[in-house]
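A short worksheet on the structure shown next.
In my numbering, the protein residues as written are 13 to 62.
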């Protein structure tokens with residue numbers, strides 16, 4: 013009785029959602045200490061592969 017109620021609340025026993033991996037595209041990072049504006053600088057971005 014309690015097990016079925018807990019499974020319904022938590023959504024157990026249903027289909028698992030699809031998982032996607034992410035990768036980080038990192039170009040060569042050249043950031044000097046006294047670099048001028050504009051800030052923030054783009055040094056990497058997250059790509060999603062389908």
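Glycine included, every Cβ here is placed at the ideal spot set by N, Cα and C.
- Assignment of residue 22 by DSSP, reduced to helix, strand and coil, places it in the helix class.
- DSSP, reduced to helix, strand and coil, places residue 17 within a helical segment of the structure shown.
- In this model, residue 16 and residue 33 are separated by some 32 Å (Cα to Cα).
- In this structure, the CA atom of residue 51 is about 12 Å from the CA atom of residue 43.
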